[in-house]
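In what follows, a structure is listed as structure tokens, so that the remarks can point back to it.
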Amino acid sequence: VHLVEGDLPPIGTAVRVEVDAARRQAHRRFHTATHLLCALLPYPVDGCSITETYARLDFHTDEPFDKEAIQAGLTRLVAEAHAVGHRWISEDELDANPGLVRSMSVQPPRGLGRIRVLEIEGVDLQPCGGTHVSNTAEIGAVVVTKIEKKSAKTRRVVLGFAEPADGRS
Numbered sequence: 017v018h019l020v021e022g023d024l025p026p027i028g029t030a031v032r033v034e035v036d037a038a039r040r041q042a043h044r045r046f047h048t049a050t051h052l053l054c055a056l057l058p059y060p061v062d063g064c065s066i067t068e069t070y071a072r073l074d075f076h077t078d079e080p081f082d083k084e085a086i087q088a089g090l091t092r093l094v095a096e097a098h099a100v101g102h103r104w105i106s107e108d109e110l111d112a113n114p115g116l117v118r119s120m121s122v123q124p125p126r127g128l129g130r131i132r133v134l135e136i137e138g139v140d141l142q143p144c145g146g147t148h149v150s151n152t153a154e155i156g157a158v159v160v161t162k163i164e165k166k167s168a169k170t171r172r173v174v175l176g177f178a179e180p181a182d183g184r185s
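Take 17 as the starting number for the sequence shown in the working numbering and just add one per residue.
Shown next as structure tokens:
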């Protein structure tokens, strides 16, 4: 979703759009990395945040997390260079496969007859309308910066990058 300031121009009006490429790339990298995290940790997601400097997912579980094992899994999945793409499924297909939805509170938008799903080849498949890289290798060096016990049933994993998305230090 792109928000504009002020009134919307009439339909058909030519407009100029400026995209902060470095910020967008950071979001694409982090967003795809959170999908890898979902593939490694088979728990429902009950919160998330993706910014240009970090990403976090909150998982609904009372199980302890092994930071080193998660780090090793993410590093492996990034290095394996899995193709990332999307496709569409019908709402009926989603209903027949409710396990595709990992979020506890946010459901995919309905009413158009189809749902966009992200597919990381051989790794993850879930409804998602966000921006992603086209190959897991494009994520780069992702780092598990913190694991927190937020409540009796919530474990938070925070991700960062070894270097900024735009290559600047």
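Here a beta-carbon is modelled for each residue, glycine too, at the ideal position from N, C-alpha and C.
Remember, predicted model here, so these are calculated numbers, not experimental data.
Item                                                                                                     : Value
Within the segment 34 to 101, ranges of the beta strand (DSSP E) (whole runs, at least 3 residues)       : 61 to 66 and 71 to 76
Counted within 10 angstroms of its Cβ, other Cβ atoms place residue 98 as buried (16 or more) or exposed : buried
Member of 114, 136 and 20 whose CA lies at the smallest distance from the CA of residue 103              : 136
Pairwise C-alpha distance: residue 151 and residue 139                                                   : 12 Å
For residue 79, the nearest candidate out of 175, 170, 176 and 69 (CA to CA)                             : 170
Residue 61 vs residue 118 beta-carbon contact at 7 Å                                                     : yes
Alpha helix (DSSP H) runs wholly inside the segment 106 to 153, at least 4 long, in chain order          : 107 to 112
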